[in-house]
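Data first, discussion second: the structure below is written as structure tokens.
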Amino acid sequence: MIKTKIEVIAENLITIHPLLYKSISKPMRNISSITPGGMFVMGSLKRHGILSMTDIGKCLAMPKPHITGIVDKLIEKGYVARTNDPNDRRIINISLTKKGLTNFEKIKMASTESLKDKLLLLSEEELEQLSVASQQVKDILISILSKQ
């Protein structure tokens with residue numbers, strides 16, 4: 001059976017996820033008890049400021065019940081705070097605390113250093129290829145998300 005281009009791309013993208021997990025998220029677990037989902041939520045809050053639970057779900061393309069579980073754990077650790085929207089009490093807003101921002105930056109820096117150590121194993125040519133390819137994948141995925 002001849003695979004279509006779309007099938008090959010889908011298989012490649014599905015394969016990339018566990019590889020990224022092994023190289024980035026798993027070492028992050030040695031640094032902190034924050035899950036990758038927790039880091040995604042904290043990163044969204046750092047980028048966008050205060051967000052509603054619904055908006056966090058939209059940013060991360062995750063269902064609201066999943067976001068609620070992640071946010072509850074972050075609240076327990078004191079990394080995020082939950083407040084009611086002053087204009088609409090039905091809306092719950094989430095914000096990053098000072099403790100959360102400090103820990104997010106620390107974990108991000110340690111994760112970046114860990115990944116840089118792995119990237120140093122590559123040749124100059126491999127680094128250039130990965131630089132171009134990763135930027136292209138990022139741009140295309142952002143384009144896909146904006147079309148949904």
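UniProt numbering applies: residue 1 is where the sequence shown begins, and numbers increase by one. Even for Gly, the Cβ is constructed at its ideal location relative to N, Cα and C.
Using the Cβ count rule (16 or more neighbours within 10 Å means buried), how would you classify residue i?
{"i": "residue 94", "result": "buried"}
{"i": "residue 146", "result": "exposed"}
{"i": "residue 69", "result": "exposed"}
{"i": "residue 45", "result": "buried"}
{"i": "residue 103", "result": "buried"}
Report yes if the C-beta distance between residue i and residue j is below 8 Å; otherwise report no.
{"i": "residue 74", "j": "residue 38", "result": "yes"}
{"i": "residue 80", "j": "residue 100", "result": "yes"}
{"i": "residue 138", "j": "residue 23", "result": "no"}
{"i": "residue 32", "j": "residue 142", "result": "no"}
{"i": "residue 41", "j": "residue 67", "result": "yes"}
Please report the distance separating the alpha-carbon of residue i from that of residue j.
{"i": "residue 14", "j": "residue 96", "result": "31 Å"}
{"i": "residue 131", "j": "residue 76", "result": "38 Å"}
{"i": "residue 183", "j": "residue 85", "result": "The first residue shown for the chain is 1 and the last is 148, placing residue 183 beyond what the model contains."}
{"i": "residue 6", "j": "residue 140", "result": "14 Å"}
{"i": "residue 112", "j": "residue 87", "result": "39 Å"}
{"i": "residue 128", "j": "residue 115", "result": "16 Å"}
Would the region 49-59 count as touching the region 76-93 if we require 3 or more Cβ pairs under 8 Å?
yes
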